[in-house]
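Q: Numbering (the working numbering), first residue to last: 44 to 722.
Okay, handing you the structure first.
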Ligand SMILES: [Ca+2]
Ligand SMILES: [Ca+2]
Ligand SMILES: [Ca+2]
């Protein structure tokens, strides 16, 4: 037996593709028994579907490129030829190889495991050979079985985050992210279209938010939290005012609003500011008012919203604050620049900022680019720093070592290009990404090539602080042009790896993405971000209280919460958020310009009926769904009601929720893109 296995391994090394066609008897040194075993190696079509998210593993371009786990449908690129090295039947523990659609490449674990997985190998050897672990025990492996793939050196293949991004081959244990549903055979033909209106029941996954996945560049929105007021200037005409009236980051509600907006945008990563804390040990005081200990409020708001499964965070290291922090803490003159040659000063980067940020935000919420946490640094320019030459790159090496030591992960550092300009020793080993930030004298976006990839930065608009709209070049004004400025920036950066969006809450520089009546409609920039951050849109939760337009019987907000009238908004008792109540027959909420990919959507409402049983319905894409009944309930007794299914071609459309009867309280309406096949 032992001899047989050794011989088969040798054949696998030699090359699978040739093994299929060559006369094996011509091979020197191969005994007859081994040849027969190898000659019967069996092949069949197969696909791997992530158990956690139902997404398929794909060899991009059908082979020769990266391997991801982010496809919702199985096509040729998601279909592999599974080679069972010891022939049929396929049994638990069998060693297999997976050839890609182009017939010329194999799935390959770099180094035989412990690193990434790709489909660039042009022959099948040990790195391309996996042991098939059957989770339900020994025996024959059948279509639909749950399996793991163990590499040559015993690591497991993993769909990071359970699917939606890259696939690696470096895990030491099998868990949900390492579990795949193995589809054997060519796959089944498409199902017939669903019955109109659906089956009337709410399904378990109808209201579960999943992570967004970008169509092009990963979008990371720089997100500040320094303000206690909607406008920090005496003259509020200098601000594009946020929609929400109560605007104070020291109020937990402020963080609830922020989380609602970020969730609605489906942004890939929230790059939350760290401007450092005055004390390395305790307290929320910091130069620039964004000590990252305050991010505990963001984490708490994410949990109140039940959104750990749908939001990810990275760090925006706002380097401009370090000069002031050091001078305050050490009693130095305010104008003294931050001397990078003095290595005792480096503690402000780590002990006063980065360590606090990553200690405050749980690992489960960290965004990982290619499996690595992300920190983006702002400028290293001589406005703030001295002696950058040689010290910028040394500082990054030190920060990376400290990060590895404390958290066991190797972060991706994305720097502003001043780091390379002021320290020419900087290489992609220290800074994996490099962007040109943006220059409001010249435009709203930049894309910079570095380390073989493009790195972007953009704003939706800009105006120098404390200036009025229309001040033009004197205040470096960049106009929104009804969203066209941002859309052009996104289009120009489709092939970028990562683009920073300054800045979600940037009221001061008129560069925000938040909800505002200052735009064409409140959700305009949230919709624009979503279109690029998550074009496949598997899930979307539309909060009733955030509607763009309302048909409402009373001009005032009868609930008095959150925003000015006419929508009647109350605060939910638990867990967080708001509802639209005080409803009367015929009232309606409209969400404008939602870009919806084609497919079949299941719609669900979270609703209560304190005024007695009633009806509501949804209209979208020119289709009017039938009204659905809501049973009478207490005011806080919310239940899920299936509102029907609708098939849509891809379009930009409005979604309208109509209260056919009054007395209903609506928390949200959930759109689940249940089927991606198109009419
Ligand atoms: Ca009203
Ligand atoms: Ca009303
Ligand atoms: Ca709500």
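Note that CB positions come from ideal geometry on N, CA and C, so glycine has one too.
So which residues put a beta carbon under 6 Å from any heavy atom of ligand 2, going in chain order?
A: 595, 596, 597, 611, 625, 626, 627 and 630
Q: For residue 642, write down the residues that DSSP places opposite it in a beta bridge.
A: 691
Q: Is any heavy atom of ligand 1 found at a distance shorter than 7 Å from the C-beta of residue 396?
A: no
Q: Let me know the secondary structure DSSP gives residue 135 once reduced to three states.
A: Taken through DSSP and simplified to helix, strand or coil, residue 135 comes out as coil.
Q: Looking only at its own chain, which residues have a Cβ that is under 7 Å from the Cβ of residue 439, when we skip the five neighbours before and after it?
A: 456, 473 and 474
Q: Counting along the chain, where does the beta strand (DSSP E) carrying residue 317 start and finish?
A: 312 to 317
Q: Using only CA atoms, which one of 84, 143, 110 and 96 lies nearest to residue 131?
A: Of the candidates 84, 143, 110 and 96, the one whose C-alpha sits nearest the C-alpha of residue 131 is 84.
Q: So which residues put a beta carbon under 7 Å from any heavy atom of ligand 3, going in chain order?
A: 586, 587, 588, 615, 620, 621, 622, 710 and 711
Q: Mind reading off the beta-carbon distance from residue 645 to residue 697? Whole number of angstroms is fine, and I expect it under 8 Å.
A: Incorrect: roughly 19 Å between the Cβ atoms, too far for contact.
Q: Would you call the CB atoms of residue 497 and residue 505 closer than 8 Å?
A: no
Q: Restricting to Cα atoms, I'd like to know which of 116, 100, 105 and 94 is closest to residue 716.
A: For residue 716, the nearest C-alpha among the options comes from 116.
Q: What's the C-alpha gap between residue 627 and residue 710?
A: 16 Å
Q: So, for residue 293: in the same chain, excluding its five sequence neighbours on each side, which residues have a beta-carbon less than 7 Å away from its beta-carbon?
A: 271
Q: Reducing DSSP to helix, strand and coil, say where residue 382 ends up.
A: strand
Q: Over the uninterrupted alpha helix (DSSP H) stretch that includes residue 340, give me the two end residues.
A: 338 to 347
Q: Using only the alpha-carbon positions, how far apart do residue 446 and residue 454 sit?
A: The alpha-carbon atoms of residue 446 and residue 454 are separated by roughly 7 Å.
Q: How close, in whole Å, do the beta carbons of residue 354 and residue 345 come, if the pair is a contact with beta carbons under 8 Å?
A: Right, their Cβ atoms sit about 6 Å apart.
Q: Look up residue 702 in the DSSP assignment and give the residues it is bridged to.
A: 659
Q: Could you check which residue in 185, 97, 183 and 569 has the C-alpha nearest to that of residue 285?
A: 569
Q: Exposed or buried, residue 679, counting other C-beta atoms within 10 Å across all chains shown (16 or more means buried)?
A: Exposed, since its Cβ has fewer than 16 Cβ neighbours within 10 Å.
Q: Are there any heavy atoms of ligand 1 lying less than 7 Å away from the beta-carbon of residue 608, as far as the coordinates show?
A: The beta carbon of residue 608 sits closer than 7 Å to at least one heavy atom of ligand 1.
Q: Buried or exposed, going by whether 16 or more other CB atoms sit within 10 Å of the CB of residue 369?
A: buried
Q: The alpha helix (DSSP H) with residue 368 in it runs from where to where?
A: 365 to 372
Q: Within the same chain, show all residues whose beta-carbon is closer than 7 Å to that of residue 405, passing over the 5 residues directly before and after it, in chain order.
A: 342
Q: Reducing DSSP to helix, strand and coil, say where residue 88 ends up.
A: strand
Q: If you follow the alpha helix (DSSP H) that residue 400 is part of, which residue opens it and which one closes it?
A: Note, residue 400: alpha helix (DSSP H), 398 to 403.
Q: Mind the definition here: the region 539 to 554 touches the region 476 to 490 only if three or more C-beta pairs lie below 8 Å; say whether that holds.
A: yes
Q: Within the same chain, show all residues whose beta-carbon is closer than 6 Å to that of residue 124, passing over the 5 residues directly before and after it, in chain order.
A: 86 and 142
Q: Assuming contact is defined by CB atoms lying nearer than 8 Å, are residue 208 and residue 350 in contact in what I supplied?
A: no
Q: What three-state label does DSSP hand residue 556 in the structure shown?
A: coil
Q: When you compare each of 635, 317, 280 and 602 to residue 625 by their alpha carbons, which one comes out closest?
A: 602
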